[in-house]
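**Student:** Once you've had a glance at the structure underneath, I'll fire off some questions.
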Amino acid sequence: DRIKLYRSQVTYTDGFTYGDDELVAELIERFGPYQEHASTIPYSSGMTDFDTALEECEYQGLWFADVANYMLYEKDCTYFTCHWHLYDYLNHIHLNNVDPVCPGYDESTAEAALDLFRKAYQVGDRVLGRLYAAADAHPEHESFVGILADHGAYPDIRIANIRKFLYDQGFLVLKSGPAGVAQDQDTLPDDVDWEKTRAYIKRRGFDIAINAEAGSAEFNEIERDLLTALRTWVDEETGRTPVAIALPRRDAYLLGQWGDQCGDVIFAWDHGYVSGYYAQWQEIVGGGSVGAPAVYGAHHGGFLPTDNGFSSTFGTMMLSGPGIKAGYERPTDQLGYIQAVDVVPTFCHLLEIEPPAQSQGAVARDLFDGQEMVRNR
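Numbering (our numbering), first residue to last: 7 to 383.
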């Protein structure tokens with residue numbers, strides 16, 4: 007017989023509060039140690055089973071809820087936020103097992119995988135329930151409780167290797183040859199032949215940099231060639247174009263991109279295409295720059311927002327509290343979507359404070375009682 011001994015995370019017992027060093031000891035004494043990195047990775051890596059990993063995530067979630075209630079109702083704080091990553095982990099490893107849109111879907115294992123989602127969402131219900139119970143117990147505080155997700159996920163269908171594409175098209179030239187782009191990883195600067203390279207991508211993302219002086223004739227020529235290559239790239243197996251949108255930097259504002267971190271050319275994958283997760287995929291079947299992954303998963307990233315009624319990459323914002331419309335869901339066909347930049351102004355409106363000077367969004371006023379944004383014409 008064998009025993010597997012699993013040890014939870016070893017982490018700091020001090021230094022994780024700002025401006026109040028005594029608060030750390032106070033929180034640990036009241037609520038137990040702070041577990042900073044609870045996740046499903048111990049399960050997906052084989053260190054332990056799903057229920058044990060989920061137990062750690064529940065501990066973290068309830069710890070957050072208890073600390074939130076303590077800080078809001080006993081320490082007179084105005085605002086509490088935390089980041090709980092459980093569902094991102096779960097989507098990456100199992101959404102492909104439960105959504106039939108994935109070519110790797112197996113009906114015989116789908117119900118068992120779906121049960122993992124049920125367990126995880128039951129944990130989320132318990133965490134939220136603790137927050138709602140405290141809010142109900144302190145009506146004098148007029149508390150708001152909300153959920154904010156910056157993205158969802160979608161099962162893998164086709165995957166792309168953008169660096170291999172740039173290499174094959176002659177934009178990226180490497181001293182090591184094609185081996186340097188086989189895994190679509192960040193290219194080491196020393197491996198790039200900067201004399202011959204015309205364009206390159208710096209990181210996992212959708213920003214391509216042009217290796218020429220901005221505004222020069224060379225820059226403009228590379229930009230035209232790169233946009234043409236991206237816009238006419240065809241997945242030969244499907245007959246589809248993997249890239250839905252490719253824009254020069256001057257037009258990137260159409261996708262909400264600007265500033266000094268914006269690439270010279272940006273692009274977005276079409277529905278069903280994604281890049282950047284080779285550690286899970288292992289390879290593209292057939293070895294090309296686009297195709298099916300050897301191992302399916304589910305991801306989010308630089309592709310058009312996708313929703314098939316079961317899986318969705320859209321972000322989520324849910325709010326409840328005094329003055330918030332009960333049961334309201336924004337009609338996106340008439341009002342469009344709440345943007346990420348709208349979150350801060352909306353929360354500032356709840357707190358009755360001015361948003362920071364750097365805020366570029368708007369208050370989502372349709373969420374509030376008395377604000378009817380749709381008019382019949």
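All C-beta atoms, glycine included, are put in the ideal place defined by N, C-alpha and C.
Predicted, not measured: the structure shown is a model, and the values here were computed from it.
1) Does Ser45 come out as helix, strand or coil in the three-state DSSP assignment?
2) Please determine, among Ala166, Phe177 and Lys202, the residue with the shortest C-alpha to C-alpha distance to Gln189.
3) Just mark His43 as buried or exposed, buried being the case when its beta carbon has 16 or more other beta carbons within 10 Å.
4) Using DSSP with H/G/I as helix, E/B as strand and the rest coil, what is Ile9?
5) Check whether the Cβ atoms of His305 and Asp192 sit closer than 8 Å, and answer yes or no.
6) Return the CA-CA distance between Tyr284 and Gln41, expressed in angstroms with no decimal places.
7) I believe Tyr95 touches Ile47 by the beta-carbon criterion, under 8 Å. Please report the beta-carbon distance rounded to the nearest angstrom.
8) With distances taken from CA atoms, which of Gly308, Gln377, Gly269 and Gly67 is nearest Pro39?
9) What whole-angstrom Cβ distance do Ala215 and Lys208 have, given they're in contact under 8 Å?
10) Quick one: what does DSSP say Gly186 is sitting in, helix, strand or coil?
11) For the alpha helix (DSSP H) containing Asp285, name the first residue and the last one.
12) Do Thr247 and Asp213 have their C-beta atoms within less than 8 Å of each other?
13) Can you tell me which of Phe70, Val151, Pro109 and Ala159 puts its alpha carbon nearest to the alpha carbon of Phe309?
14) For His305, list the residues DSSP reports as bridge partners.
15) Name the DSSP bridge partner or partners of Arg246?
16) Let me make sure I understand the geometry here. Which of Ala71, Ala205 and Val291 has the alpha-carbon closest to that of Asp131?
17) Taking the CB atoms as reference points, tell me whether Arg164 and Thr244 lie closer together than 8 Å.
18) Please report how far the alpha carbon of Ala363 lies from the alpha carbon of Val369, in whole angstroms.
19) Just verifying my parser: in three-state terms, what is the DSSP assignment at Tyr279?
20) Under 8 Å: do the stretch 289-304 and the stretch 228-236 share three or more Cβ pairs, one atom per stretch?
21) At 4 residues or longer, what runs of the alpha helix (DSSP H) sit wholly inside the stretch 31-91?
22) Are the CB atoms of Met379 and Val349 within a distance shorter than 8 Å?
23) Drop a sphere of 10 angstroms on the beta-carbon of Tyr54, count the other beta-carbons inside from all chains shown, and report buried for 16 or more, exposed for fewer.
24) Give the DSSP-derived three-state secondary structure of Tyr93 in the structure shown.
25) CB-CB under 6 Å to Arg371, same chain, minus the five flanking residues each way: which ones, in chain order?
26) Could you tell me whether the Cβ atoms of Pro254 and Val240 are closer together than 8 Å?
27) Taking the alpha helix (DSSP H) that Ser114 belongs to, which residues open and close that run?
**Tutor:** Taking the definition as stated:
1) DSSP, read as helix, strand or coil, puts Ser45 in coil.
2) Minimum Cα-Cα distance from Gln189 among the listed residues Ala166, Phe177 and Lys202 corresponds to Ala166.
3) With fewer than 16 other Cβ atoms within 10 Å, it is exposed.
4) DSSP places Ile9 in coil when its eight states are reduced to three.
5) Contact check for His305 against Asp192 fails: the beta carbons are separated by 8 Å or more.
6) Straight-line measurement puts the Cα of Gln41 at about 29 Å from the Cα of Tyr284.
7) Distance from Tyr95 to Ile47 at the Cβ level is roughly 7 Å; contact confirmed, criterion being Cβ atoms closer than 8 Å.
8) Distances from the CA of Pro39 to each of Gly308, Gln377, Gly269 and Gly67 were compared; the closest alpha carbon is that of Gly67.
9) About 6 Å separates the Cβ atoms of Ala215 and Lys208, confirming a contact at the 8 Å cut-off.
10) Helix.
11) With the sequence shown as reference, residue 285 is identified as Ala, and Asp is not the correct amino acid for it. In the DSSP assignment, Ala285 falls within the unbroken alpha helix (DSSP H) covering Tyr284 to Trp287.
12) Not in contact: Thr247 and Asp213 (Cβ atoms no closer than 8 Å).
13) Checking every option, the nearest Cα to that of Phe309 belongs to Ala159.
14) DSSP lists Tyr160 as partners of His305.
15) Note: Arg246 sits in a beta bridge opposite Asp241.
16) Selected option, being the one with the closest Cα: Ala71.
17) Contact: yes.
18) Straight-line Cα distance between these residues: approximately 14 Å.
19) For Tyr279, the three-state secondary structure derived from DSSP is strand.
20) Touching, no, given that fewer than three Cβ pairs across the two stretches are closer than 8 Å.
21) Listed in chain order, they are 47-50 and 56-79.
22) In this structure, Met379 does not lie closer than 8 Å to Val349 by Cβ.
23) The question names Tyr, but residue 54 in the sequence shown is Thr. Its Cβ being crowded by 16 or more others within 10 Å, Thr54 is buried.
24) Here DSSP, grouped into helix, strand and coil, assigns Tyr93 to helix.
25) Here Arg371 has Gln377 as same chain residues with Cβ atoms under 6 Å from its own Cβ, once five neighbours each way along the sequence are excluded.
26) Going by C-beta atoms, Pro254 is not nearer than 8 Å to Val240.
27) The continuous alpha helix (DSSP H) containing Ser114 extends over residues Glu113 to Ala143.
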